[in-house]
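First up is the structure itself, then whatever we jot down about it.
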DNA sequence: AAGTTGGTCAACCGCATCAAC
DNA sequence: TGTTGATGCGGTTGACCAACT
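In my numbering, the protein residues as written are 1 to 250.
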């Protein structure tokens, strides 16, 4: 026989997480670490599926997550990694510390895709669209979705000399400047040491010494820090983090 | 002011893979 | 060795919000 089921579908709550549920999950993970997600809902007192808990933690509650829009450099890195890896968002996310696969996937679908299309670049193949049409005429049946091929691994910037001349508005010129960041192969290659080895330690342990957890601390303040069991933080640390946060807003 | 449209993003669903039995 | 369940991943949905008409 196999293992016990992850959760009985009955009585499992769905939909947006409440602050109370977040508190419970954070408390549990910080106290016990990430073990078997199957047991988390029961032990943490949550009426959620373990899968849902894992998703909530990895995509939203992890203290090492960055918040806010991707920077230009991060966006360019995503484009290049996508050209090499395709829609393997988890692999891509592994090379962007503090970013989640879900976040990158969303950003790709809402921003980068349109940006590339506007530039006349196919977001799937990373080839100029007119070139894409030509190749489709030659081989109409097989537009490869695989990004493993050498052509798929081309950096977008390598195509910029053949980018169509339509991308010449002032906005597009700026975009072209952005995309040329990719010409700096050393930047990309430095992040491309090993296909399987993530830049961030996969075995993440809750570490509240990182500055990136400022948002979590803010949440803790909103909830009341004792509720999180994070009273190890001094007022000074909070003040420093708040100052940093204020500075970013200006 | 009300309705419509489009953008954003958190969360769910279903599949693939791996591991336990 | 086959079956079953856990986990992880990518695709998709839907709620929410802001801009526009």
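Idealized CB from N, CA, C, for every residue including glycine.
Where residue 21 is concerned, the enclosing alpha helix (DSSP H) starts and stops at 19-32. Here the C-alpha atom of residue 82 lies approximately 12 angstroms from the C-alpha atom of residue 127. Closest by C-alpha distance to residue 112, out of 74, 84 and 50, is 74.
Scanning 43, 104 and 14 for the CA closest to the CA of residue 71 turns up 104.
Going by beta carbons, residue 12 and residue 38 fall outside the 8 angstroms limit. Selection 63, 35 and 65 evaluated against residue 51 yields 35 as nearest (Cα-Cα). In this structure, residue 25 places its C-beta atom within 8 angstroms of the C-beta atom of residue 46. Residue 122 and residue 19 have their C-alpha atoms roughly 41 angstroms apart.
Beta-bridge analysis with DSSP links residue 121 to 128.
Just measuring C-alpha positions, the residue of 98, 53 and 129 sitting nearest residue 119 is 129.
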